[in-house]
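Residue numbers (this note's numbering): 8 to 330.
This report concerns only the one structure given below.
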């Protein structure tokens, strides 16, 4: 056996040695009856201020609003959608919590994920009589403003960038011209004229663009209805403000998109004043576990980079996102 074959055999052996334990662990973690290996993320509660009566919970929405299909990874930073919803639900269902302040620092994100938070904000007020304030950070745009529109009170920094009321219909990446140049084609069989609409190997037709525009317009109407209801705007006012433009905090105050200028401390103080409290302020923060790390390692072990790129390129998504 020559040197090249020895090297190839050695590499193959190493791959097998690494693959076997990974497969075993994967089988154990996914097998029925493995509830004892529950690795759900936990969150922490940190007291920001001690008070004499009442409690206000502070939640942090920081990053692109997106549901990644599970808890985010051990090494990741930013927004954890399902954990955020869990913290929000726990806070509003807790009879000892008098109010919730959400700090929002996001360019927006998924339509569905943004709506899920908005619905919980409205539910907190209507079902549990727990007021929700929003304190805007550097950016609270698109989906971030969609969520804020459901709150009882919105406070922004003068330099906050907010607004961007509108939708983006992302049909994914398109490689059609490049594929034609390099002689690359996709082999697939489908039923229905529009079944492969958004394929990275095909350019959208005028009819397909019109269909996507109709979907985008439908979600736009939902967005503007939410803002108009939350802020008391007329049809003419919302039409002027909902052209996708950004506003500073100062401008947002002038046009009625926010209620006051200030920071998190000001928002908490305003809530205490409205509720007649000297509240203990508790910050719910994200936590991570060994299971969270597995959520990163497992996908990395099971997918190659090319497959990941192709999956992303095919993703047709509705977004409340400032790009």
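Every residue, glycine too, gets a C-beta built ideally from N, C-alpha and C.
These figures come from a predicted structure and were not determined experimentally.
Ranked by Cα distance from residue 50, the options 229, 97, 281 and 70 are led by 97.
Straight-line measurement puts the Cα of residue 213 at about 43 Å from the Cα of residue 162.
Residue 52 has its alpha-carbon roughly 31 Å from the corresponding atom of residue 170.
Three or more beta-carbon pairs separated by less than 8 Å link the stretch 147 to 161 to the stretch 113 to 124, which places the two stretches in contact.
An exposed status is given to residue 272, since fewer than 16 other beta-carbon atoms sit within 10 Å of its beta-carbon. Between residue 58 and residue 287, the C-beta spacing is below 8 Å. Membership of residue 50 in the beta strand (DSSP E) is indicated by the continuous run 50 to 56. Between residue 173 and residue 227, the C-beta spacing is below 8 Å. Between residue 255 and residue 168, the C-beta spacing is below 8 Å. The beta strand (DSSP E) runs of length 3 or more contained entirely in the stretch 54 to 142 are, from start to end of the chain, 62 to 69, 106 to 113 and 115 to 117. Annotated three-state conformation of residue 222 is helix, per DSSP.
The Cβ-Cβ distance between residue 245 and residue 235 falls below 8 Å. Residue environment: residue 122 is assigned as buried (16 or more neighbouring CB atoms within 10 Å of its CB, all protein chains considered). For residue 229, the closest alpha carbon among the candidates 101, 278, 274 and 249 is that of 249. Excluding residues up to 5 positions away in sequence, 98, 104, 107, 289 and 291 lie with their Cβ nearer than 7 Å to the Cβ of residue 64 in the same chain. According to the DSSP assignment, residue 154 belongs to no beta strand (DSSP E) but to the alpha helix (DSSP H) extending over 150 to 155. Per the C-alpha coordinates, the member of 282, 274 and 135 positioned closest to residue 101 is 135.
Straight through space, the alpha carbons of residue 67 and residue 129 are spaced by roughly 17 Å.
Inter-residue distance for residue 242 and residue 224 is about 16 Å (C-alpha atoms, whole angstroms). Cβ atoms of residue 148 and residue 253 come within 8 Å of each other, at about 6 Å. Apart from the 5 residues on each side of it in sequence, residue 279 sits with its Cβ closer than 6 Å to the Cβ of 286 in its chain, given in chain order. The DSSP-derived three-state label of residue 230 is helix.
In the three-state scheme derived from DSSP, where H, G and I count as helix and E and B as strand, residue 290 is classed as strand. Beta bridge pairing from DSSP links residue 285 with 60. For the pair residue 91 and residue 216, the Cα-to-Cα distance works out to about 35 Å. Linking residue 325 to residue 283 through their CA atoms gives a straight-line distance of about 42 Å. Secondary structure of residue 237 (DSSP, three-state): helix. Under the 10 Å beta carbon count, residue 94 is surrounded by 16 or more other beta carbons and is classified as buried. For residue 260, there is no enclosing beta strand (DSSP E); the enclosing alpha helix (DSSP H) covers residues 256 to 261.
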